[in-house]
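Everything in the sequence shown is counted per UniProt numbering, starting at 1 for the first residue and increasing by one.
Cβ atoms here follow ideal geometry from the backbone N, Cα and C, with glycine treated the same way.
Reviewing the structure listed below.
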Amino acid sequence: MAMDLAVVDYGSYKTRPSALLNSVFMTTVNAAAKTLVAVASNAKAADQQSEKWKPADHLRFMLMLMTWLAVWVLRVLMDHCPFAVGSSYSLDSGGIGSSSLDLMLPSASMLSSSSGAFSLDLVLHEDSNQASPAKALGRALTHILALLNEIPASSRKYQFAMGMADKIVDENTRCGHGEMIQVNRAALASAFARTSGFLYGSLKSPRMSEDSGTWPSRILRSLHLGSFVASSLKGLGTFFPWVGTVTSLLQNKRTSAVPCEERVNDLAAEKHAQELLWITTKMVGCGAVDEALVQWSFASGLASISLSSNSRVQGFIVKITAILFGELKRMKNEVPRQVKFNILVLWLPLFCYADNGLSYPVLTGYEKVEMEKTMDELISSLPTIDQEVILTNWLQDFTTTSSDWPNLQKSYDLWCQSTREFVA
Numbered sequence: 001m002a003m004d005l006a007v008v009d010y011g012s013y014k015t016r017p018s019a020l021l022n023s024v025f026m027t028t029v030n031a032a033a034k035t036l037v038a039v040a041s042n043a044k045a046a047d048q049q050s051e052k053w054k055p056a057d058h059l060r061f062m063l064m065l066m067t068w069l070a071v072w073v074l075r076v077l078m079d080h081c082p083f084a085v086g087s088s089y090s091l092d093s094g095g096i097g098s099s100s101l102d103l104m105l106p107s108a109s110m111l112s113s114s115s116g117a118f119s120l121d122l123v124l125h126e127d128s129n130q131a132s133p134a135k136a137l138g139r140a141l142t143h144i145l146a147l148l149n150e151i152p153a154s155s156r157k158y159q160f161a162m163g164m165a166d167k168i169v170d171e172n173t174r175c176g177h178g179e180m181i182q183v184n185r186a187a188l189a190s191a192f193a194r195t196s197g198f199l200y201g202s203l204k205s206p207r208m209s210e211d212s213g214t215w216p217s218r219i220l221r222s223l224h225l226g227s228f229v230a231s232s233l234k235g236l237g238t239f240f241p242w243v244g245t246v247t248s249l250l251q252n253k254r255t256s257a258v259p260c261e262e263r264v265n266d267l268a269a270e271k272h273a274q275e276l277l278w279i280t281t282k283m284v285g286c287g288a289v290d291e292a293l294v295q296w297s298f299a300s301g302l303a304s305i306s307l308s309s310n311s312r313v314q315g316f317i318v319k320i321t322a323i324l325f326g327e328l329k330r331m332k333n334e335v336p337r338q339v340k341f342n343i344l345v346l347w348l349p350l351f352c353y354a355d356n357g358l359s360y361p362v363l364t365g366y367e368k369v370e371m372e373k374t375m376d377e378l379i380s381s382l383p384t385i386d387q388e389v390i391l392t393n394w395l396q397d398f399t400t401t402s403s404d405w406p407n408l409q410k411s412y413d414l415w416c417q418s419t420r421e422f423v424a
């Protein structure tokens with residue numbers, strides 16, 4: 001009988017609103033929206049005709065206010081009243097059957113062994129209906145990689161989890177089996193997409209967001225339609241100077257905490273950037289870098305926001321991009337033209353604007369020379385119309401920054417020469 005690893009259901013109880021309460025809330029929201037539209041349309045018509053409100057209009061307005069009050073009360077109930085809903089962590093699209101919840105206890109034959117003791121190294125559950133061992137191992141690896149994004153880098157368990165993921169990936173690679181290679185590809189590709197998303201989110205977090213404003217404005221924004229009221233306070237400051245004075249005083253006190261918030265965002269971004277570099281290195285070693293190339297070619301938001309990130313985060317992103325450029329050169333005949341074009345257009349500006357490291361250079365002088373050769377070769381492999389776009393953007397960035405790298409004048413001269421040949 002085939003021995004399959006049973007997936008243990010990691011049950012957890014999270015505070016979620018019940019389905020009934022959620023349905024009531026959505027119904028009330030829809031009704032409130034309809035009453036708001038009705039009151040607004042009637043009020044507009046009455047103003048245009050210079051008519052006074054009728055009793056029905058006043059009743060409709062009161063009904064609207066009561067409905068929105070009910071929406072707010074339901075929102076408070078949903079946020080603060082506990083509704084325990086069991087949930088299970090499962091990475092298998094097919095779900096986990098109830099048979100997986102059986103107690104993993106050793107059988108009687110195991111207990112009656114001649115040595116008087118039994119091994120607790122690994123308890124296997126025999127069930128031919130369970131998923132294949134490769135899928136189970138893929139779920140385990142994906143789970144660990146997801147935990148890496150959640151565990152603080154300062155925790156000693158962070159290195160423990162990274163060591164486990166590193167060991168599983170390396171052993172799957174050494175195994176050389178097709179299913180194990182596919183497990184690595186799928187898990188690392190998913191981790192690359194998730195981590196790059198976290199990195200973009202941490203960099204995108206504004207230094208002075210609405211949540212970092214004064215405490216009265218934060219309280220107002222937490223209420224339904226509170227953002228409109230908070231915005232109106234700014235308008236009142238124009239007509240009533242004391243409103244603006246009080247708001248500015250509170251804001252000045254709040255700004256003293258901004259450097260701390262910036263450090264938190266920068267530390268989170270640095271952590272995710274370092275994880276992304278590690279994942280990229282593993283994907284190169286597993287032969288799954290083509291997945292990273294495709295995702296990197298569509299990361300326009302991350303490419304744009306990385307130009308203004310701090311030096312340490314930029315350093316990690318520069319290393320990731322340099323690795324992918326090298327792999328792109330190695331696989332240039334296998335990678336689609338659009339992927340090569342997108343990567344060059346999106347990520348060349350980062351090389352122009354990024355700092356080269358504070359305490360030590362991100363790329364050595366030799367690495368920079370080799371990277372310029374790689375860029376020249378990649379650009380020359382594209383059609384002339386693509387070369388024009390890439391080189392025009394490079395020249396714009398190169399002439400407006402203090403950095404002298406990368407110098408792609410050789411590629412620019414070759415493009416000009418090839419263009420003249422077409423004219424001739």
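Original post:
For glycine 315 versus valine 362, is the C-beta distance shorter than 8 Å?
Top reply: Counting from one through the sequence shown, the residue named residue 315 turns up at place 315. Counting from one through the sequence shown, the residue named residue 362 turns up at place 362. Cβ atoms of glycine 315 and valine 362: closer than 8 Å.
Original post:
In chain order, what residues of the same chain have a beta carbon less than 6 Å from the beta carbon of residue 425, not counting five sequence neighbours either side?
Top reply: In the structure as shown, the chain begins at 1 and stops at 424. Residue 425 is therefore absent and cannot be evaluated.
Subject >> serine 309 classed as buried or exposed, judged by whether at least 16 other C-beta atoms fall within 10 angstroms >> reply: The count along the sequence shown starts at 1 and reaches residue 309 at position 309. Buried, since its Cβ has 16 or more Cβ neighbours within 10 Å.
Original post:
So, helix, strand or coil for methionine 104, using DSSP?
Top reply: Taking the first residue of the sequence shown as 1, we reach residue 104 at position 104. With a pLDDT of 39 at methionine 104, under the threshold of 50, the modelled position of this residue cannot be trusted; read the value that follows with caution. Look at methionine 104 here: in three-state DSSP terms it is coil, with no helix or strand label.
**OP:** Taking glycine 163 as part of the alpha helix (DSSP H), name the residues at either end of that continuous run.
**Re:** Counted from its first residue, the sequence shown places residue 163 at position 163. For glycine 163, the uninterrupted alpha helix (DSSP H) segment begins and ends at 156-175.
Subject >> valine 73 versus methionine 26 - alpha carbon distance >> reply: For this step, residue 73 is matched to residue 73 along the sequence shown. For this step, residue 26 is matched to residue 26 along the sequence shown. Rounded to whole angstroms, valine 73 and methionine 26 show a C-alpha spacing of 13 Å.
Original post:
By how many angstroms is the C-alpha of phenylalanine 192 removed from the C-alpha of valine 313?
Top reply: One-based indexing of the sequence shown puts residue 313 at position 313. One-based indexing of the sequence shown puts residue 192 at position 192. Each residue's alpha carbon lies about 16 Å from the other.
Original post:
Mind checking glutamine 338: buried by the 16 CB within 10 Å criterion, or exposed?
Top reply: Taking the sequence shown and counting its residues from 1, the one referred to as residue 338 is at position 338. The residue in question, glutamine 338, is exposed, as its Cβ has fewer than 16 Cβ neighbours within 10 Å.
Subject >> Within 8 Å, strictly: CB atoms of lysine 340 and leucine 382 >> reply: If you number the sequence shown from 1, residue 340 lands on position 340. If you number the sequence shown from 1, residue 382 lands on position 382. Cβ distance < 8 Å, so lysine 340 and leucine 382 count as in contact.
**OP:** Inspect the beta-carbon positions of leucine 137 and valine 71 and report whether they are closer than 8 Å.
**Re:** Within the sequence shown, the letter at position 137 stands for residue 137. Within the sequence shown, the letter at position 71 stands for residue 71. No, Cβ-Cβ distance for leucine 137 and valine 71 is not below 8 Å.
Original post:
What's the gap between the Cα of glutamate 372 and the Cα of threonine 419?
Top reply: One-based indexing of the sequence shown puts residue 372 at position 372. One-based indexing of the sequence shown puts residue 419 at position 419. About 22 Å.
Original post:
Just the Cα atoms here: how many angstroms apart are lysine 329 and asparagine 393?
Top reply: The count along the sequence shown starts at 1 and reaches residue 329 at position 329. The count along the sequence shown starts at 1 and reaches residue 393 at position 393. Distance from the CA atom of lysine 329 to the CA atom of asparagine 393, rounded to whole angstroms, is 21 Å.
**OP:** Give the straight-line distance between the Cα atoms of leucine 203 and aspartate 57, rounded to the nearest whole angstrom.
**Re:** One-based indexing of the sequence shown puts residue 203 at position 203. One-based indexing of the sequence shown puts residue 57 at position 57. Separation of leucine 203 and aspartate 57 (C-alpha to C-alpha, rounded to the nearest whole angstrom) is 49 Å.
Subject >> Residue span of the alpha helix (DSSP H) that contains leucine 307, given as start and end >> reply: Within the sequence shown, the letter at position 307 stands for residue 307. Segment: none, leucine 307 is in no alpha helix (DSSP H) and carries neither H nor E.
Subject >> Span separating the alpha-carbon of leucine 122 from that of isoleucine 379 >> reply: By 1-based counting over the sequence shown, the position of residue 122 is 122. By 1-based counting over the sequence shown, the position of residue 379 is 379. With a pLDDT of only 38 at leucine 122, under 50, the local geometry of the prediction cannot be trusted, and the value read off the model is given with reservation. The alpha-carbon atoms of leucine 122 and isoleucine 379 are separated by roughly 53 Å.
Subject >> Beta-carbon gap between leucine 346 and alanine 303 smaller than 8 Å >> reply: Start at 1 with the first residue of the sequence shown, and residue 346 comes out as number 346. Start at 1 with the first residue of the sequence shown, and residue 303 comes out as number 303. Between leucine 346 and alanine 303, the gap from beta carbon to beta carbon is short of 8 Å.
Original post:
Rounded to the nearest angstrom, how far is the Cβ of arginine 194 from that of alanine 146, given a contact under 8 Å?
Top reply: Numbered from its first residue, the sequence shown carries residue 194 at position 194. Numbered from its first residue, the sequence shown carries residue 146 at position 146. About 7 Å; that satisfies the 8 Å criterion.
Subject >> Separation of glycine 365 from glutamine 417, as counted between CA atoms >> reply: Counting from 1 along the sequence shown, the entry for residue 417 is found at position 417. Counting from 1 along the sequence shown, the entry for residue 365 is found at position 365. Distance between the alpha carbons of glutamine 417 and glycine 365: 29 Å.
Original post:
If you run the structure through DSSP and keep just helix, strand and coil, what is cysteine 286?
Top reply: As a working mapping, residue 286 is identified with position 286 in the sequence shown. The three-state reading of DSSP puts cysteine 286 in coil, since its state is none of H, G, I, E or B.
Original post:
For alanine 299, which residues of its own chain have a beta-carbon under 8 Å away from its beta-carbon, when the five flanking residues on both sides are left out?
Top reply: Position 299 of the sequence shown, counted from the first residue, corresponds to residue 299. Ser196, Tyr200, Leu346.
**OP:** Go ahead and label tryptophan 68 buried or exposed: buried means 16 or more other beta carbons lie within 10 angstroms of its beta carbon, across all protein chains shown.
**Re:** For the purposes of this step, residue 68 is taken as residue 68 along the sequence shown, with counting starting at 1. By the neighbour-count rule (16 or more Cβ atoms within 10 Å), tryptophan 68 is buried.
Original post:
In whole angstroms, what is the alpha-carbon distance linking lysine 271 and arginine 156?
Top reply: As a working mapping, residue 271 is identified with position 271 in the sequence shown. As a working mapping, residue 156 is identified with position 156 in the sequence shown. C-alpha of lysine 271 to C-alpha of arginine 156: approximately 14 Å in a straight line.
Original post:
Given that a residue counts as buried once 16 or more other Cβ atoms are within 10 Å of its Cβ, and exposed if not, what is lysine 319?
Top reply: To locate residue 319, count along the sequence shown from 1; it is residue 319. Answer is buried; the Cβ neighbour count reaches 16.
Original post:
Can you name the start and end residues of the alpha helix (DSSP H) that residue 426 belongs to?
Top reply: Outside the shown range of the chain, which is 1 to 424, sits residue 426, and nothing can be said about it.
Subject >> N- and C-terminal bounds of the alpha helix (DSSP H) containing threonine 419 >> reply: One-based indexing of the sequence shown puts residue 419 at position 419. Taken as a continuous stretch (DSSP letters only), the alpha helix (DSSP H) holding threonine 419 covers 409-423.
**OP:** Identify the continuous alpha helix (DSSP H) that holds valine 345 and give its terminal residues.
**Re:** As a working note, residue 345 is residue 345 in the sequence shown. Looking at the DSSP string, the run of the alpha helix (DSSP H) that includes valine 345 is 337-353.
**OP:** Locate the alpha helix (DSSP H) running through proline 383, then write down its first and last residues.
**Re:** Sequence index remark: in the sequence shown, residue 383 carries index 383 (1-based). Annotation: proline 383 is outside any alpha helix (DSSP H) and is labelled neither H nor E by DSSP.
Original post:
Among Leu395, Val24, Thr401, which residue has its Cα nearest to the Cα of aspartate 413?
Top reply: For this step, residue 413 is matched to residue 413 along the sequence shown. Of Leu395, Val24, Thr401, the residue nearest in Cα terms is Leu395.
Subject >> CB of alanine 189 within 8 Å of CB of threonine 142, strictly >> reply: One-based indexing of the sequence shown puts residue 189 at position 189. One-based indexing of the sequence shown puts residue 142 at position 142. Their beta carbons are not under 8 Å apart, which means alanine 189 does not touch threonine 142 by this criterion.
**OP:** Take leucine 120 and list the residues in its own chain whose beta-carbon comes closer than 6 Å to its own, dropping the five residues that flank it on each side.
**Re:** Position 120 of the sequence shown, counted from the first residue, corresponds to residue 120. Only weak support is given to the placement of leucine 120: the predicted model assigns it a pLDDT of 36, under 50, and the value that follows is read from those uncertain coordinates. Shown here for leucine 120: not one same chain residue has a beta carbon closer than 6 Å to its own, the five before and five after excluded.
**OP:** Just the C-alpha distance for glutamine 295 and threonine 28, rounded to the nearest angstrom, thanks.
**Re:** Residue mapping note: residue 295 aligns to position 295 of the sequence shown, counting from 1. Residue mapping note: residue 28 aligns to position 28 of the sequence shown, counting from 1. When rounded, the distance between both Cα atoms is 41 Å.
**OP:** Could you check the C-alpha separation between asparagine 342 and valine 423 for me, to the nearest Å?
**Re:** Residue numbering aside, residue 342 sits at position 342 when the sequence shown is read from its first letter. Residue numbering aside, residue 423 sits at position 423 when the sequence shown is read from its first letter. Going by the C-alpha atoms only, they are around 27 Å apart.
**OP:** Determine the burial state of glutamate 327: buried for a count of at least 16 other Cβ atoms within 10 Å of its Cβ, exposed for fewer.
**Re:** Working through the sequence shown from its first residue, we reach residue 327 at position 327. With 16 or more other Cβ atoms from the protein chains shown falling within 10 Å of its own Cβ, glutamate 327 counts as buried.
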